[in-house]
Amino acid sequence: MDSTHLIDLLSTELAPVKRLRPPAVRALIWLGAVTLFLGIIIWVSGLRPDLSMQMEKTRFIAETAAILLTGIIAAFAAFRAAIPGAPSWTLLTPLPTLLLWLLFLGKGCLDDLDSGRFAWSISTHCLQQIGWTGLVSGVPMLVMLRCAAPLQRVPLAVLAGLASASLAAFAMSLYHSYDTSVIVLISHGLIISGLVVGFGVMGPALLTRRFRLQR
Numbered sequence: 467m468d469s470t471h472l473i474d475l476l477s478t479e480l481a482p483v484k485r486l487r488p489p490a491v492r493a494l495i496w497l498g499a500v501t502l503f504l505g506i507i508i509w510v511s512g513l514r515p516d517l518s519m520q521m522e523k524t525r526f527i528a529e530t531a532a533i534l535l536t537g538i539i540a541a542f543a544a545f546r547a548a549i550p551g552a553p554s555w556t557l558l559t560p561l562p563t564l565l566l567w568l569l570f571l572g573k574g575c576l577d578d579l580d581s582g583r584f585a586w587s588i589s590t591h592c593l594q595q596i597g598w599t600g601l602v603s604g605v606p607m608l609v610m611l612r613c614a615a616p617l618q619r620v621p622l623a624v625l626a627g628l629a630s631a632s633l634a635a636f637a638m639s640l641y642h643s644y645d646t647s648v649i650v651l652i653s654h655g656l657i658i659s660g661l662v663v664g665f666g667v668m669g670p671a672l673l674t675r676r677f678r679l680q681r
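With this note's numbering applied, the sequence shown covers 467 to 681.
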């Protein structure tokens, strides 16, 4: 393609570029849609019978708040980091709350050990529920992030997986009961890690935009 034809194409045939909404606004749009989606699941499933009793426990509130904040912060970080020129530290902002969640779960495991309730187990229901809800909510985020033509595709895909999986885990803590903290640590940790790795491997392909110029 010669330069003259390219200039003519740019000035006459190409559609004008539509400016994206600010990252925070786009993150709020995604969070609103996911809240509606997970809210419907909670409504259909019904709240866990012991939720009122669990809400009186500081550890339960701390665990659920930490995983909720992890999902929210990861979502805002993903949309911010998708913009070229965003500081690299943005990608690390969900780590403190994620580590807090793991810390609270670890403390719960020690408490269960002291009380004789410690038992290794995996909840297949957790794996299935968090898996499909995280996937359904995470893929639309990748599509939204793709509009920004991001350069750091793997870290963004990982953040998308972390955000969707964390929010799915938070929602499940409201409608599914657990016997011990170790079940939460193993089951939730396993599926969240799986989604994060899966998004990190497959997500970059969805984040790649292909531009075509007509000859």
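Using N, Cα and C, we set each Cβ at its ideal position, and we do this for glycine too.
Pull up the distance between the alpha-carbon of residue i and that of residue j, whole angstroms please.
| i | j | result |
| --- | --- | --- |
| TRP567 | LEU576 | 14 Å |
| ARG619 | ILE549 | 11 Å |
| ARG485 | CYS613 | 10 Å |
| THR530 | LEU608 | 25 Å |
| ALA544 | PRO670 | 13 Å |
| ALA528 | ILE508 | 20 Å |
| GLN594 | VAL500 | 18 Å |
| ARG525 | PHE570 | 7 Å |
| GLY505 | ALA532 | 19 Å |
| GLY432 | PRO562 | Beyond the ends of the chain as shown, which are 467 and 681, falls residue 432; an answer cannot be given. |
Just to confirm my understanding: we take residue i, look at its own chain, exclude 5 residues before and 5 after, and list those with CB closer than 6 Å. What are they?
| i | result |
| --- | --- |
| SER630 | GLY600, SER603 and GLY604 |
| PHE677 | Residue placement at PHE677 is flagged as unreliable, the pLDDT there being 43, under the threshold of 50; a coordinate-derived value is accordingly withheld. |
| ALA540 | PRO560, LEU625, LEU628 and ALA629 |
| ALA552 | ARG546 |
Leaving out five residues before and five after residue i in sequence, what residues of the same chain have Cβ atoms less than 8 Å from its Cβ?
| i | result |
| --- | --- |
| LEU534 | SER632, LEU633 and PHE636 |
| THR674 | ARG612 and ARG619 |
| THR556 | ALA543, ARG546 and ALA547 |
| PRO606 | TRP496 and ALA499 |
| SER511 | TYR641 and HIS642 |
Indicate the three-state DSSP secondary structure (helix, strand or coil) for residue i in the structure shown.
| i | result |
| --- | --- |
| HIS642 | coil |
| PRO550 | coil |
| LYS573 | helix |
| LEU486 | coil |
| ARG443 | Examination of residue 443 is not possible in this model, given that the chain is present from 467 through 681 alone. |
| GLU529 | helix |
| LEU679 | In this prediction, LEU679 scores a pLDDT of 41, lower than 50, which makes its location untrustworthy; the coordinate-derived value is nonetheless stated afterwards. Three-state result, LEU679: coil. |
| PRO562 | helix |
Hey, quick one: how far does the alpha helix (DSSP H) through residue i stretch, first residue to last?
| i | result |
| --- | --- |
| ARG612 | 590-612 |
Inset, instruction - Examine the Cβ distances between the segment 482-497 and the segment 543-561 and report whether three or more of them are shorter than 8 Å. - result: yes
Inset, instruction - Would you be able to state if there are at least three C-beta pairs under 8 Å between the segment 552-567 and the segment 516-523? - result: no
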